[in-house]
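Participant:
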Amino acid sequence: MPELSRRNLWLQRLGDGMRRHAPLIRAVQWLVVLFYGLLLLLPALLPLPDSQARILDNLTLLAQFLFWGIWWPFVLLSMVLFGRLWCGVLCPEGSLSEWASRYGKGLGVPRWLRWGGWPTLAFCLTTLYGQLISVYDYAQAALLILGGSTVAAVIVGLLFARGKRVWCRYLCPVSGVFALLARLAPVHFQVDEQRWLENPAPRLPPPNCAPLLDIRRMQGASDCHACGRCSGQRSAVQLIARSSNQEILQSSASTLSVWDARLLLFGVIGLAMGGFQWTISPWFVALKQQLASWLVEQDLLWPLQDNAPWWLLTHYPQLNDSFSWLDGFSIVAYLGLSSVLLGTALLILLRLTARLAGTPALYSPLALTLTPLGGAGLFLGLSATTVKLLRYEGLLLEWVQPARASLLMAAMAWSLVLGWKVLGREGVSLTPRMAGSGCLLLANGLVGYGWWLQFWGW
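No gaps in the numbering here: position 450 of the sequence shown is 450 in UniProt numbering, and each next residue is one more.
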């Protein structure tokens, strides 16, 4: 084994320490579960806050700020910094699902459940449903979506694969997103397969890999939950530092699922942008007005009523916040169009880039080069709730707009550098490489323009 650098030696000790102190990690997990449960349940049982309520004197607003202003934006950021450490060490759903699976039926994982499209479908449906019931604004909606997801995780744990996290591996609505972002992490558990095979006894007891990974053949950080249970196994598994570009630059069509690009282009970028945009979009207003005029002309007035239950469409008349059936349809239409139009435009540009490079199969690795921009968009969108709530508290936050612009430009530059390097990796000559980079510049510019509209244009 080559001599380890000081940094990698420190990381290796950290990974081995995670394995040795597994009971402490389990205790931390249960503390997170308790905190998560209280934060989810208590606000839903309290009256809705009035207009004078503030974060520091109202539990409902505090929970809203912690969930949507702190928790989720920085969970996404943690994926880019540390890989899926959140999944393996802190996630309450994963902890509960694994715990429940120890006492369940222990059935095998059926083939239909292993379909690769479930995380993409779950992410899209959860995002859409969350907008219909205003999940960022109301505790009941958060309890329905987050609590419903947790209950589903426990049920799956009770049914399948004893002692495992089947929910996390195959069904979690954010598992696919986390897998995309974890590819950018500058640390991961590296497996030396040759050393694994050559390592003689005695050996550490086989670890329980909860997300059902083949540890010996594990490559990269996208699927690994970074729980540390396998650190040091056969002296072949080590937590090490790496380039944040490494996993994307080493990807190929044969190592990627078709769902990776679909989730990134149509979900993380297209659908998510529509979900964050529609409340301020003049295009959404125009769409709804056109539909309303047509309904009146046809004497169809029932879609204009706002009598849907709160669990189907936002309905809080005491706060003058209720969606009509037309509102619900317009939201679905706007988000659907955002996903299809933006995702298709990006797909065309990326396929054109691959053809210019003379390698049509290069489309999937090229799509992954947009991961930094997709992750930055999710962070910008979610942190908009953070900014909104802090401004309600009287904070001006004048630095926010320059910070947003800097993050967006940095993410676009990172994605373009990745695209240029992927084309260079294939040995593409200068002229087609420049032409392909032009297509990638258009793709990045298209996404950047969408975020410019939200934060500066409208």
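For every residue, glycine included, the Cβ atom is placed at its ideal position computed from N, Cα and C. If you're wondering where the values come from, they're calculated on a predicted model, not measured in any experiment.
Excluding the five sequence neighbours on either side, which residues of its own chain have a C-beta within less than 8 Å of the C-beta of residue 292, listed in chain order?
Facilitator: Closer than 8 Å at the Cβ level, and outside the excluded window around residue 292, lie 304, 326.
Participant: What number of angstroms, rounded off, separates the C-alpha of residue 391 from the C-alpha of residue 69?
Facilitator: Computed Cα separation, rounded: 12 Å.
Participant: Going by other Cβ atoms of all chains shown within 10 Å of its Cβ, with 16 needed for buried, is residue 35 buried or exposed?
Facilitator: Its Cβ having fewer than 16 others within 10 Å, residue 35 is exposed.
Participant: With a threshold of 16 other CB atoms inside 10 Å of the CB of residue 21, please say whether the residue is buried or exposed.
Facilitator: It is exposed - the Cβ of residue 21 has fewer than 16 other Cβ atoms within 10 Å.
Participant: From the DSSP output, in three-state form, read off residue 241 for me.
Facilitator: If DSSP states are grouped into helix, strand and coil, residue 241 belongs with the strands.
Participant: Might you give, ordered along the chain, the residues of its own chain that have their beta carbon closer than 7 Å to the beta carbon of residue 59, omitting 5 neighbours on each side?
Facilitator: Contacts found: 42, 43, 46.
Participant: Shortest alpha-carbon distance to residue 266 belongs to which of 113, 408, 139, 370?
Facilitator: The residue with the shortest Cα to Cα distance from residue 266 is 370.
Participant: Would a C-beta distance cut-off of 7 Å place residue 444 and residue 418 closer than the cut-off?
Facilitator: Contact: no.
Participant: Please report the Cβ distance between residue 188 and residue 15, rounded to the nearest whole angstrom; I am assuming they are in contact, meaning their Cβ atoms lie under 8 Å.
Facilitator: Residue 188 to residue 15, Cβ: 10 Å. No contact.
Participant: Below 8 Å, can you find three or more Cβ-Cβ pairs linking the segment 283–298 to the segment 100–115?
Facilitator: No, the segment 283–298 does not touch the segment 100–115.
Participant: So what does DSSP say about residue 2, is it helix, strand or coil?
Facilitator: Confidence at residue 2 is low in this model, with a pLDDT of 48, below 50, so the placement of that residue should be treated as unreliable; the coordinate-derived value is given next. If DSSP states are grouped into helix, strand and coil, residue 2 belongs with coil.
Participant: Can you give, in chain order, each stretch of the alpha helix (DSSP H) that sits fully within the segment 209–294 and has at least 4 residues?
Facilitator: Those alpha helix (DSSP H) runs which fall completely within the segment 209–294 and span 4+ residues are 246–249, 258–262, 272–277.
Participant: Using a Cβ-Cβ cut-off of 6 Å (strictly less than) and excluding sequence neighbours within five positions of residue 437, which residues of its own chain qualify?
Facilitator: Hits under 6 Å: 420.
Participant: What are the complete alpha helix (DSSP H) segments, minimum 4 residues, inside the segment 114–195?
Facilitator: Here the runs fully enclosed are 118–132, 139–142, 148–159, 175–182.
Participant: Taking the straight line between their C-alpha atoms, what separation do you get for residue 121 and residue 135?
Facilitator: Each residue's alpha carbon lies about 18 Å from the other.
Participant: For residue 3, count neighbouring Cβ atoms within 10 angstroms of its own Cβ and tell me buried if that reaches 16, exposed if not.
Facilitator: Legend: pLDDT at residue 3 = 48, less than 50; position of this residue unreliable, value from coordinates given subsequently. Per the 10 Å Cβ criterion, exposed.
Participant: Name, in chain order, the residues that DSSP records as bridge partners for residue 449.
Facilitator: Residue 449 is not bridged to any residue.
Participant: Would a C-beta distance cut-off of 7 Å place residue 148 and residue 19 closer than the cut-off?
Facilitator: No, the pair does not count as a contact, with Cβ atoms beyond the cut-off.
Participant: Any idea if residue 13 is buried or exposed, counting beta-carbon neighbours within 10 angstroms, 16 or more meaning buried?
Facilitator: The residue is exposed, with fewer than 16 neighbouring Cβ atoms inside 10 Å.
Participant: Could you check what DSSP says for residue 322 in three-state terms: helix, strand or coil?
Facilitator: In the structure shown, residue 322 sits in a strand (DSSP, three-state: E or B).
Participant: Can you give me the start and stop residues for the alpha helix (DSSP H) that residue 29 sits inside?
Facilitator: Element bounds for residue 29: 22–45.
Participant: Could you check how far apart the C-beta atoms of residue 465 and residue 142 are, in whole angstroms? I think they sit under 8 Å.
Facilitator: Lying before the first or after the last residue shown, residue 465 is absent from the chain, which here runs from 1 to 458.
Participant: List the whole-angstrom C-beta distance separating residue 180 from residue 374, where the pair is believed to meet the contact cut-off of C-beta under 8 Å.
Facilitator: Indeed, because the Cβ distance is near 7 Å, the residues count as touching under 8 Å.
Participant: By alpha-carbon positions, which one of 442, 166, 138 ends up nearest to residue 49?
Facilitator: The residue with the shortest Cα to Cα distance from residue 49 is 138.
Participant: Shortest alpha-carbon distance to residue 91 belongs to which of 106, 33, 123?
Facilitator: If we check each option's Cα against that of residue 91, 33 comes out closest.
Participant: Roughly how many angstroms separate the alpha carbons of residue 31 and residue 24, rounded to a whole number?
Facilitator: Those two C-alpha atoms are separated by around 11 Å.
Participant: Helix, strand or coil: which one does DSSP assign to residue 107?
Facilitator: Three-state result, residue 107: strand.
Participant: Quick check on the DSSP output: the alpha helix (DSSP H) that includes residue 420 runs from which residue to which?
Facilitator: 400–425 is the extent of the alpha helix (DSSP H) around residue 420.
Participant: Going by DSSP, which residues form a beta bridge with residue 316?
Facilitator: DSSP output for residue 316 lists 321 as bridge partner(s).
Participant: Look at residue 27 and residue 98 and say whether their C-beta atoms are less than 7 Å apart.
Facilitator: No, Cβ-Cβ distance for residue 27 and residue 98 is not below 7 Å.
Participant: Given a threshold of 16 other Cβ atoms within 10 Å of its Cβ, counted over all protein chains shown, does residue 449 qualify as buried or as exposed?
Facilitator: Residue 449 comes out exposed.
Participant: Quick check: residue 411 and residue 376, are their CB atoms within less than 7 Å of each other?
Facilitator: For residue 411 and residue 376, yes; Cβs fall inside 7 Å.
Participant: Hey, residue 88 and residue 226: beta-carbon distance below 7 Å or not?
Facilitator: Yes; because the gap between Cβ atoms is below 7 Å, this pair is in contact.
Participant: If you drop the 5 nearest sequence neighbours on each side, which residues of the same chain put their C-beta closer than 6 Å to that of residue 442?
Facilitator: So the qualifying residues of the chain are 349.
Participant: Apart from the five residues on each side of it in sequence, which residues of its chain come closer than 8 Å, Cβ to Cβ, to residue 77?
Facilitator: Taken in chain order, the residues that qualify are 379.
Participant: For residue 146, which residues in the same chain have their Cβ closer than 7 Å to its Cβ, ignoring the five residues on either side in sequence?
Facilitator: Excluding residues within five positions, the ones whose Cβ falls inside 7 Å are 40.
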